Structures are given as C-alpha cells and as structure tokens.
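All residue numbers for the sequence shown refer to the numbering used here, where the first residue is 183 and numbers rise by one. The beta-carbon is built from N, C-alpha and C at its ideal position, and this holds for glycine as well. From a predicted model like this one, the values you see are computed outputs, not experimental measurements. First comes the structure, then the notes that go with it.
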Amino acid sequence: MVKSTSANLSPRKMPRQARSQATLEAIFQATIQVLLSEGRQRLTTIRVAERAGTSVGTLYQYYPNKQALLFAVVRRHVTEVGEQVRRAAESVHGKPLADIVSAVVSAFVRAKIDRIDEARALFSVAGELDSRVLVVESEERGLAMLTAVLRTATDAKFDDLPTAVYIFMAAMIGSTTYMIEGGAPPSILRAWGGQLESLCLGYLERAARSIHNDSR
C-alpha cells in the first residue's frame with residue numbers, strides 16, 4: 183500500500199471561533215469512535231460526519247480527504263501524550279533522580295494505558311501515513327523536555343547527558359511500540375509501569391555520577 187505523503191495531509195484551515203473549535207472536536211471524537219467500532223478500512227468521511235452530527239461539506243472545509251483527517255487525529259493524540267509527560271516532568275524539576283523517573287514514566291504509561299484501544303488503532307493508522315513529520319516533532323520535544331528535567335536532578339549528574347536522554351526516551355517509546363503492536367494482555371499492561379520505571383531508573387543510575395560522591 184502506498185503511503186499518503188505529507189504534501190496532501192495538511193488541513194485546509196484551522197478553527198478560530200469557539201463554535202468551529204467545538205465542531206472540529208466533535209469530528210475528532212467521531213473519527214476515533216468510527217475507527218474503533220468499524221475499523222480503519224470501513225472508516226469514511228461520511229460515517230465520521232454522521233457520527234459527529236455535521237455535514238461532509240463541513241468536514242471538507244477543514245480536511246481535503248480521509249487521510250488528512252486521520253493524520254490530524256494522530257497528531258493530536260501524540261501531542262496530548264507529550265503534554266501530559268511535559269507537565270509531569272515540570273512538576274519534578276529539582277527533585278532526586280528517582281522522583282523524576284517515576285513521574286515521567288508514570289505519566290507516559292498512564293497516557294497510553296488509559297486509552298490503549300485508541301493508541302492501538304491510531305498506531306496502525308500511522309503506519310499507512312507519512313508520519314515522519316510527527317516522529318521528528320515528537321522526538322525533538324521529548325528530548326528537550328527530558329534534557330531539561332534530568333539536568334536539574336539533585337543527586338546525579340551525567341557526563342554524557344544527550345546519550346542518557348536518548349536511551350531513556352528510546353526505552354519508553356520502544357516498549358510502548360512493542361506493547362501496542364504485540365497486543366500485550368491486561369496482566370502485562372498492569373505491570374508495565376513499574377517494570378519500565380525500574381528499567382529506566384536502573385540505566386540512568388548507572389549512567390550518572392552521584393553528586394554526593396563527587397562532593398566528598
């Protein structure tokens with residue numbers, strides 16, 4: 183299957199008024215609902231518009247085709263997950279390393295597990311789209327956020343912070359991909375957060391220098 187390219191995935195316009203924003207939100211929610219109930223092969227703009235309580239013409243005012251709509255929904259999902267993790271990271275600036283890892287990993291896992299069906303559906307959709315732009319955007323935000331918070335850890339410093347940050351993020355994203363693609367059972371999903379936290383903290387502790395030891 184030929185993937186849609188980023189050139190034809192751009193929205194036609196963005197909502198500016200509250201009413202338009204509400205309409206677009208209804209369209210997004212309807213897209214998720216149809217995707218989960220009908221599957222991506224049966225998802226059409228007509229079904230989405232009907233579920234959203236609006237017209238296909240209104241939908242096309244914002245998105246030129248189904249692929250552009252799905253791309254926008256995937257982008258919003260990725261952005262929302264990133265925002266949840268960012269808020270958690272900002273809340274533990276200047277805390278010990280264990281607190282930082284716990285907050286970041288917990289927020290990331292919770293953002294995925296709370297909507298695991300949606301995450302799985304959108305993950306499969308992303309595979310049919312040219313999502314390189316989303317990947318780059320997400321990576322840049324994630325690396326910057328993790329760099330900022332790890333730099334403030336009160337009990338650890340990193341000689342090679344960029345590498346530590348990259349592997350930390352890769353551990354979270356890589357395990358997420360495996361969980362979603364592999365269709366992990368509920369028992370594994372319940373244990374995932376604690377296990378991932380142990381994995382990430384163990385690595386970062388090995389990669390870091392103890393501030394307390396340096397001060398001796």
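{"Check": "Would you identify the three-state DSSP class for Lys277, choosing helix, strand or coil?", "Outcome": "coil"}
{"Check": "Just to confirm the assignment, what range does the alpha helix (DSSP H) spanning Ala330 have?", "Outcome": "Arg314 to Leu332"}
{"Check": "Between the C-alpha atoms of Ala352 and Pro368, what's the straight-line distance to the nearest angstrom?", "Outcome": "23 Å"}
{"Check": "Report the option in Ser202, Pro344, Gln211 and Leu332 whose CA atom is closest to the CA atom of Val255.", "Outcome": "Gln211"}
{"Check": "When DSSP labels each residue in this structure, what does Arg297 get in the three-state scheme?", "Outcome": "coil"}
{"Check": "Could you tell me which of Ala390, Ser380 and Arg388 sits nearest to Val286, measuring between CA atoms?", "Outcome": "Ser380"}
{"Check": "Out of curiosity, what's the CA-to-CA distance linking Gly364 and Asp299?", "Outcome": "13 Å"}
{"Check": "Only counting the same chain, and skipping five residues up and downstream in sequence, which positions put a Cβ closer than 8 Å to that of Ile228?", "Outcome": "Val238"}
{"Check": "Just the Cα atoms here: how many angstroms apart are Arg201 and Arg333?", "Outcome": "42 Å"}
{"Check": "Val347: which of Ala234, Tyr360 and Val331 sits nearest, CA to CA?", "Outcome": "Val331"}
{"Check": "Are the segment 381-388 and the segment 298-314 touching, with three or more C-beta to C-beta distances below 8 Å?", "Outcome": "no"}
{"Check": "Using the rule of at least 16 other Cβ atoms within 10 Å of the residue's Cβ for burial, across every protein chain shown, is Ala326 buried or exposed?", "Outcome": "exposed"}
{"Check": "Here's the rule I'm using: 16 or more other beta-carbon atoms within 10 Å means buried, otherwise exposed. How should Val230 be labelled?", "Outcome": "buried"}
{"Check": "State the Cα-Cα distance for the pair Leu328 and Met361, rounded to the nearest angstrom.", "Outcome": "22 Å"}
{"Check": "Whole angstroms are fine: how far does the CA of Val260 sit from the CA of Ser320?", "Outcome": "7 Å"}
{"Check": "Are the beta-carbon atoms of Gly235 and Val291 separated by less than 7 Å?", "Outcome": "no"}
{"Check": "Inspect the beta-carbon positions of Ala293 and Gln266 and report whether they are closer than 7 Å.", "Outcome": "yes"}
{"Check": "State the beta-bridge partners of Phe340 as determined by DSSP.", "Outcome": "Ala390"}
{"Check": "Over the uninterrupted alpha helix (DSSP H) stretch that includes Leu206, give me the two end residues.", "Outcome": "Ala200 to Glu220"}
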